[in-house]
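Notes for the one structure printed next.
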Amino acid sequence: MDSPPPSSEEIALRYLEELPWPPYPFQEQAILTWFDSEDGILVCAPTGTGKTVIAETALYEALMTGRRAYYTTPLIALTEQKFRELQESAVRWGFSATDVGLVTGNRRENSDARILVVVAEILLNRLLSPEEISFDDVSAVVMDEFHSFNDPERGIVWELSLGLLPKHCRLLLISATVGNATDFVVWLARQHGRRLRLLQSDERRVPLDFRWVTDEMLPDQLEIMADGDEETRYTPALVFCFNRNECWSVAEQLKGKRLLADGQQKQLLAEIEQVDWSIGAGGKLKQFIIRGVGIHHAGLLPKYRRVVERLFQKKLLSICVCTETLAAGINLPARSVVMTSLLKGPPGAMKLIDASSAHQMFGRAGRPQFDTRGYVVAVAHEDDVRLFRWQQKYDEIPEDTKDPNLIRAKKNLKKKMPRRREGFQYWTERQFQTLKEAPPAKLASRGRMPWRLLAFFIRKSGTVMGLQEAVRRRLLDSGEKDDAEKHLVRMLMTLEAGGFITLDPPPPKPSVAPGAAAKIEGPVFHSMKAGDVISQIIPAMTATANLQQSRWVSTHLAPMTEAEMAAELSEISETANDTPPEDPAEFGDGVDEATATQEDSAATAATRPASDTV
């Protein structure tokens, strides 16, 4: 006779006993609250609070009770790292590594496992296909890096998943500190019937020391930070850049700098000889790693990223030059974080990084098991460093000096005064202070309704009122909800104009001012391109679909113009895929190995000295 499954209390006690070290009070409180909650919990705490131990609670419970669970992350790189970590955890708990599976847009491993680690888009796409994917035996969904709900482009993925998950699936949401956690929990209960228990902590276990550096060039500053013994140096350090080419460029600037402590290089050489560096940028990366400098971004082959992660975790690399994807939960704890810039974007249109992204990067500094303090260092642009040094020399000579030699020296210095570049955008100490003091961002709905979700609701609801209700349930203020409803109406009118749906009663013709009719462009469907794409993304949508509408409240709206529809075609194509979008801001991280190999090769060519060019 089978023994009864263990109770929640028994599972909680076993889980706490399985931990490799005693939990911190906040961790223990969150773990016990999970087992005591009906719908789940929202955990908001700074980086370095040990939220992973809390997140794994739901997975342990699923394995102990013979159920299934999902673990979602925003990035493929983070998904792969969590997959490896959770396999190790499963073995430690007495289960098999094959009980944990991985599904991204370009990789599947143990895809029928009871614990599936997936990028957020995978979960949403499965929820949009309930006839193909069953959630009947899924007990819990863990959403790591849940503050991604705020992402302007992809935040809607998390929002829609919350609304579509079956009610029996409990939620464990893991987030950085946010400014309106209580309001969010109230909204989720009111609009989606999920009453989550909220656990918040603003306390960092390792306090941060912020430093603005304007007297040293970046390479020299990093060499200074790497100097000293284990206790006095400021490395290992994560050096954040905002594009991949800059990562290679910064690494090049560190050539000739002494960055490794005595004995480190010998261990490093032994490690790297075990790796095949023959593919893509492997040979180039190896030359940096030998000097104690790792590079980490989405364009590198996953196996090379894993090598960098392993060597950094072993404290064999002093520096890891990386893009901001690494701030999104990837486990590379460092003593210091160095910001090479505070601005991002195209030349001439760069903007200050948003505070939430900055706090994510700042939060990587300080290792609870090693450090009593973490250090966040922002280095001024090299032009400003030259100006600062010049000003120091110039000010050393008194204005009222009578010494003719000093008067001559001061005049010569003035002639050689460095200049800032015209039209160039520089970051400042004040901006650094602004980011440091900025309050946590508030969670809010972002982005418009994707076309694929519109198709889902059309099949499910069949009424315009049902679609409007889905819009009204979003976490928006009243003005934003009005705009969202208008955009929904235009999407529907565009589909009707293309013959994909009929609207009953038909929408009114747009009212236009006299003489303005010529400015109204027709929909793009005469080109068939939009029609073809929509037919692929919405295969069930035909001209026989009939949406009942009680009344039309907007008489001034028109179907989308050709330009507007073309702008949304890329969105339609992206939502058809299981992978997060690849974007220059590095958030997407959705590259496959072939793409990464091409980018590795391009990076090698881009950073090769002129003398090496054939």
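The sequence shown: position 59 = 97 (our numbering), numbered continuously. All residues carry an ideal CB built from backbone N, CA and C; glycine is no exception.
- Apart from sequence neighbours up to five positions away, the residues of its chain that approach residue 43 with a beta-carbon distance below 7 Å are 103, ordered along the chain.
- In the same chain as residue 325, and ignoring 5 residues on each side of it, no C-beta atom comes closer than 6 Å to its own.
- Taking a C-beta distance under 8 Å as the contact criterion, residue 289 and residue 333 qualify as a contact pair.
- DSSP places residue 223 in the helix class (H, G or I) of the three-state scheme.
- Under the DSSP assignment, residue 286 falls in the alpha helix (DSSP H) whose first and last residues are 282 to 291.
- Relative to the Cα of residue 353, the nearest Cα in the group 244, 472, 381 and 297 belongs to 297.
- According to the DSSP secondary-structure assignment, residue 108 is paired through a beta bridge with 154 and 179.
- Between residue 160 and residue 142, the CB-CB gap stays under 8 Å.
- At a Cβ-Cβ threshold of 8 Å, residue 342 and residue 364 do not count as neighbours.
- The residue among 172, 65 and 475 with its C-alpha nearest the C-alpha of residue 88 is 65.
- Cβ-Cβ distances below 8 Å link residue 514 to 482, 483 and 522 in the same chain, with the five nearest sequence neighbours on each side left out; the list follows chain order.
- For residue 489, the enclosing alpha helix (DSSP H) covers residues 489 to 498.
- Cβ-Cβ distances below 6 Å link residue 204 to 173 in the same chain, with the five nearest sequence neighbours on each side left out; the list follows chain order.
- For residue 468, the enclosing alpha helix (DSSP H) starts and ends at 467 to 475.
- Counting C-beta atoms within 10 angstroms of its own C-beta, residue 468 has fewer than 16 neighbours from the protein chains shown and is therefore classed as exposed.
- In the three-state reduction of the DSSP assignment, residue 249 falls in the strand class.
- Residue range 331 to 334 is occupied by the beta strand (DSSP E) that includes residue 334.
- As for any beta strand (DSSP E) of minimum length 3 sitting wholly inside the stretch 350 to 435, the runs are 357 to 361, 374 to 377 and 412 to 417, ordered along the chain.
- Contact check for residue 138 and residue 153: beta-carbon distance about 5 Å, within the 8 Å limit, so the pair qualifies.
- Short of 6 Å from the beta carbon of residue 417, and not among the five residues preceding or following it, lie these beta carbons of its own chain, in chain order: 251, 256 and 259.
- Between residue 403 and residue 359 a beta carbon distance of about 15 Å is seen, past the 8 Å cut, so the two are scored as non-contacting.
- The bridge partners DSSP lists for residue 213 are 82.
- Within a 10 Å sphere around the beta-carbon of residue 81 sit 16 or more other beta-carbons, which makes this residue buried.
- Its Cα nearest to that of residue 96, the residue 69 stands out among 530, 361, 282 and 69.
- Beta bridge pairing from DSSP links residue 146 with 141.
- Sixteen is the threshold: since fewer than 16 other Cβ atoms of the shown chains lie within 10 Å of the Cβ of residue 150, the residue is exposed.
- Here residue 473 is near residue 396, since their CB atoms are less than 8 Å apart.
- With a cut-off of 8 Å on Cβ pairs, the stretch 377 to 384 is in contact with the stretch 452 to 471, counting three or more such pairs.
- The beta carbon of residue 355 is closer than 8 Å to those of 274, 306, 327, 330, 331, 332, 346 and 349 in its chain, skipping five residues each way along the sequence.
- The beta carbons of residue 162 and residue 211 sit no closer together than 8 Å.
- The three-state secondary structure of residue 171, taken from DSSP, is coil.
- The Cβ neighbour count for residue 443, taken over all protein chains shown within 10 Å, is under 16; the residue is labelled exposed.
- Collapsing the DSSP output to three states places residue 313 in coil.
- Rounded to whole angstroms, the Cβ separation of residue 373 and residue 272 is 6 Å, and the two are in contact under 8 Å.
- Linking residue 438 to residue 430 through their CA atoms gives a straight-line distance of about 17 Å.
- Spatial neighbours of residue 455 in its own chain (CB-CB distance under 7 Å, excluding positions within 5 residues in sequence) are listed in chain order as 428.
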